[in-house]
Amino acid sequence: MNVIEAENLSKTFRVKRKEKGLQGSLKAIFHPQTEAVHAVDRISFTVEEGEMLAFIGPNGAGKSTTIKMLTGILYPDDGAVKVLGIDPSKKRKQLAYQIGTVFGQKEQLWTHLTPYDNFRFFGAIYDLPDAEAEARIRELSEIFELDAFINTPVRSLSLGQRIRCELAASLIHKPRVLFLDEPTIGLDPVVKENIRSLIKQMNKELHTTIFLTSHDVGDIEKLCKRIVIVNNGKIVLDDSMTHLKYHYLNKKIVELKLHEEAVLPQLAGITVLKQNGGHVKLEVDTGIMKINDALRHIDAENMVDINISNIPLENIIMEIYKAEGSSLKRGPLDGNHLKKEGL
Amino acid sequence: MKKYAVIYRSVLIESLQYTANIAMGFISYLIIIFIFIHLWDYMYGTPGTLIAGYTKEQMIWYVMLTELIWFGTSSNTVTRQASMDIRGGNIAYLMNKPYHYTLYILARYIGECSVRLPMYAAVSALIGLTMVGSLAGFRLITLLAALPCILLGITIHAVFRLCISLLSFWIEDANPFHWLYNKLILVIGTIFPIEIFPEALQPLFKLTPIYTVCYGPAKLLIDFSVEKYAEVLAAQVLYLAAGCALMFFIYGKGVKKLYVNGG
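Taken in order, these protein sequences are the chains called A and B.
Positions 220 to 562 (our numbering) are the ones given, in order, by the first sequence.
Positions 61 to 323 (our numbering) are the ones given, in order, by the second sequence.
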C-alpha cells in the first residue's frame with residue numbers, strides 16, 4: 220500500500236532580483252524585478268508503507284520544499300499529492316495527527332521544559348488521553364533510554380540526548396509516516412550510530428514509514444533500502460540501494476605501493492586517478508577489463524602492497540549530482556535506472 | 061480547546077522562571093507613573109478641580125491602569141516574534157502540528173500576560189494607594205465586574221497586533237504598522253482619556269479598538285456604571301468577533317503565499 224503518492228508535483232518561487240550597488244537599490248524601488256525559481260519541477264514518486272526512503276540532493280535541489288509540500292506547509296503550484304490518502308494542503312490538521320517530523324536543525328521541544336513535560340505537552344496537542352500519554356512516554360523512554368534525563372530541562376541536555384528526545388516527541392502520537400530532515404546533523408559518530416539504530420528499531424517494531432533527507436551518506440547507507448535523488452527540482456534517480464551499488468561495483472579502486480616509480484600502461488578500462496612516486500591509485504572498469512587482467516599489466520616483482528576497494532557511496536552520489544549537470548552522459552547510470560524527462 | 065489550555069499552561073511554567081526579568085521592567089513603568097503623578101499634580105493645581113470630567117485622583121488612576129495594561133501585555137510574541145516566524149520560515153515548524161497557528165500564538169501570549177499582568181497590578185496598587193490614595197466610591201465588586209473587560213481588552217489588543225504581524229506574508233517589515241498602531245493606542249486612550257480630545261473626534265475614537273482595549277476597561281474601574289459596562293462589553297464582543305474573523309481571513313490568505321527560505 221502506498222502511503223505517499225506525488226504526481227507532477229511542482230512549486231515555483233518568485234525571488235527578488237536587484238542590480239548591484241546603490242543605483243540598483245534605487246532602481247529596484249521603482250522597477251522591482253523578480254525571477255521564477257522552479258524549486259520542484261513536476262516530480263512523481265510513491266512510497267510504500269513501512270519503507271525507509273532516502274530523499275537526497277545537493278543544497279537547493281528541492282528536498283525541503285518537497286517535504287514541506289508533503290506535510291502541508293507549502294501549497295503546490297501544480298500536480299497532486301496524497302499522504303495516507305489525504306491531500307496535505309487541504310487537510311493539514313487532519314494529516315498532522317498521522318505524521319511526525321524531526322528537523323535536525325530546528326528544535327521542536329520547548330527548551331525550558333523537561334522532556335517529560337514536553338512529551339505531556341505533545342500528547343495533549345495530539346489529543347491523547349492522559350493514561351495513554353503516560354503509557355506512551357514509558358514505552359518511548361524505554362526504547363530511547365531517556366530515564367536518566369527525562370526530568371532535566373531540555374536546554375541542559377547534550378545534542379545527542381536532545382535529538383533522542385526530539386525523535387521520541389515526534390513519535391508520541393504513533394505516526395504512520397515520519398519525515399526526518401537531517402536528523403544526525405552535528406552529532407558525533409557514536410551518537411549518530413545510536414540514533415540510526417533507534418530509527419531502524421522504530422521502523423522494525425512500529426512499522427513506521429521513514430522519509431529521510433540527509434547529507435550524511437552513513438545515514439542513507441545504513442538506514443535506507445531505496446534512494447531518490449533530486450537535483451534542480453527534478454528526480455534524477457529513483458532506485459534501490461542494492462541496485463545502485465551493484466551498478467557502480469563494476470568500478471574498483473586499486474591502490475598500489477611500488478618499490479620504484481613505474482610507467483603505467485595506457486589501456487581501455489584503466490584510469491590513473493593519482494600517482495605520487497611509488498604510490499598509485501587506479502580505477503578499473505571491470506565491465507571492460509577484468510581485475511586480474513588489469514593486475515597482469517603491473518610488474519608483480521615491483522609491488523609492495525595492494526588494496527582493492529569499491530567506490531564509496533559518497534562518490535557515487537557526487538557523480539550522480541554532477542552527471543545531472545552534464546545531461547547524464549554516464550556509463551552505469553544511464554538507461555532505465557535514471558528518471559529524467561525525455562530519457 | 062484543551063490543547064490551547066496546555067499551550068497556555070506550558071508558557072505559564074516557562075514564564076514563571078523569568079519573574080526576575082519581568083521585575084526589571086518595573087523601572088520604566090515607575091518612571092512613567094512618577095512623571096504623570098507630578099504632571100497631573102501640577103495641572104490640577106487647586107483641590108477639587110475637574111479636567112474633562114475627571115478628578116485628579118481619577119486621572120492619575122486612569123493613567124496607572126492603562127499603563128498597567130500597556131506594560132503588563134508588552135510581549136513580542138504577537139508582534140516581532142510572529143513577524144519573524146513568517147519572514148524567517150519558523151512558521152513551517154509550527155504549522156505542521158494539529159493546532160491553528162494564530163490560536164497557538166494567542167495562547168502563548170495570554171500565558172505570558174498571566175504572569176506579567178498580576179505582577180504589574182500588584183506594583184500599581186502599591187504605588188497608587190501610597191502616592192495617590194484610594195478612589196472615591198471604588199468597591200471591590202467593581203474590580204471583579206471589570207475583570208472580564210480587562211481580559212477581553214487584552215485579547216482584542218493581541219488579535220489586532222497579530223493581524224498586523226500576519227501582513228508579513230506580503231510585506232518585508234510589519235514594524236512600521238505596529239509603530240503606528242502602538243502610537244495611536246498610547247496617545248489616544250492610554251496616556252490621555254478620550255474626553256481630553258475635542259468633542260468632534262470623540263465619537264470617532266469610540267469606533268476604534270482604542271475604546272475596547274484601554275479606555276473602556278480603565279474608565280469602568282474609575283467610574284463604574286452599569287450602562288457603561290454593557291456598552292463596553294458589547295463593543296468588546298463585536299470587536300473580538302470582527303478581529304478574529306479578520307485574523308483568520310488574513311492567515312488563510314497569507315499561508316497560501318508562504319515562502320520559506322531554504323525550501
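Quick reminder that beta carbons are idealized off the backbone N, C-alpha and C, glycines included.
Rounded to whole angstroms, F94(B) and F86(B) show a C-alpha spacing of 12 Å. The three-state secondary structure of L376(A), taken from DSSP, is coil. Taking the C-beta atoms as reference points, E401(A) is found nearer than 7 Å to S433(A). For A152(B), the residues of chain A that pass the 7 Å Cβ criterion are K287, I292, in the order they occur in the chain. Pairwise C-beta distances place the segment 320-329 of chain A in contact with the segment 390-401 of chain A, as three or more of them are shorter than 8 Å. At a Cβ-Cβ threshold of 7 Å, I391(A) and F341(A) count as neighbours.
If you draw a straight line from the Cα of M119(B) to the Cα of G240(A), it is about 54 Å long. Unbroken alpha helix (DSSP H) stretches of 4 residues or longer found wholly inside the segment 395-464 of chain A: 408-425, 436-442, given in chain order.
In this structure, the straight-line span from the alpha carbon of Y275(B) to that of A305(B) is close to 23 Å. A contact between stretches requires three or more CB pairs, one per stretch, nearer than 8 Å, and the segment 466-478 of chain A fails this requirement with the segment 437-447 of chain A. Using a Cβ distance threshold of 7 Å, V273(B) and H217(B) count as a contacting pair. When the five nearest sequence neighbours on each side are left out, no beta carbon in the same chain lies closer than 6 Å to the beta carbon of A315(A).
Look at Y540(A): its C-beta is not under 7 Å from any C-beta on chain B.
Pairing Y164(B) with I67(B) gives a Cβ-Cβ distance under 7 Å. Judged by pairs of C-beta atoms under 8 Å, the segment 246-266 of chain A touches the segment 224-231 of chain A, as three or more such pairs exist.
Taking 7 Å as the cut-off between beta carbons, none of the residues of the segment 174-193 of chain B comes near chain A.
Contact annotation for K312(A) against chain B: K157, P158, Y159, H160 [CB-CB distance below 9 Å, chain order]. Pairing F220(B) with I146(B) gives a Cβ-Cβ distance that is not under 7 Å.
Looking only at G506(A), G488(A), V523(A), the smallest Cα-Cα distance to E480(A) is reached by V523(A). Using a Cβ-Cβ cut-off of 9 Å, K325(A) is close to N150, A152, Y153 of chain B, given in chain order.
Using a CB distance below 7 Å, the part of the segment 76-92 of chain B facing chain A consists of Q77, ordered along the chain. DSSP, read as helix, strand or coil, puts M508(A) in coil. The C-beta distance from N534(A) to A280(A) rounds to 18 Å, too long to fall under 8 Å, and the pair is not in contact.
Boundaries around H238(B) are those of the alpha helix (DSSP H), 235-247, since no beta strand (DSSP E) includes it. A Cβ-Cβ separation of about 19 Å leaves L475(A) out of contact with I507(A) under the 8 Å criterion. Counting along the chain, no alpha helix (DSSP H) covers R233(A); the unbroken beta strand (DSSP E) around it starts and ends at 221-236. Residue environment: I224(B) is assigned as buried (16 or more neighbouring CB atoms within 10 Å of its CB, all protein chains considered). For H434(A), no Cβ of chain B is located within less than 7 Å of the residue's own Cβ. Between A315(A) and chain B, the shortest Cβ-Cβ separation is below 7 Å.
With a beta-carbon spacing of about 6 Å, L456(A) and I539(A) fall inside the 8 Å limit used to define contacts. Annotation for Y289(B): A205, L280 place their beta carbon closer than 7 Å to its own, counting only its chain and skipping 5 residues before and after.
C209(B) is the residue among R69(B), G197(B), C209(B), L246(B) whose C-alpha sits nearest the C-alpha of A294(B). Below 8 Å, enough C-beta pairs join the segment 75-92 of chain B and the segment 179-186 of chain B to call them touching: three or more.
At least one beta carbon of chain B lies nearer than 7 Å to the beta carbon of A343(A). By the neighbour-count definition (other C-beta atoms within 10 Å, threshold 16), L293(A) is a buried residue. In the three-state reduction of the DSSP assignment, N495(A) falls in the strand class, which pools E and B.
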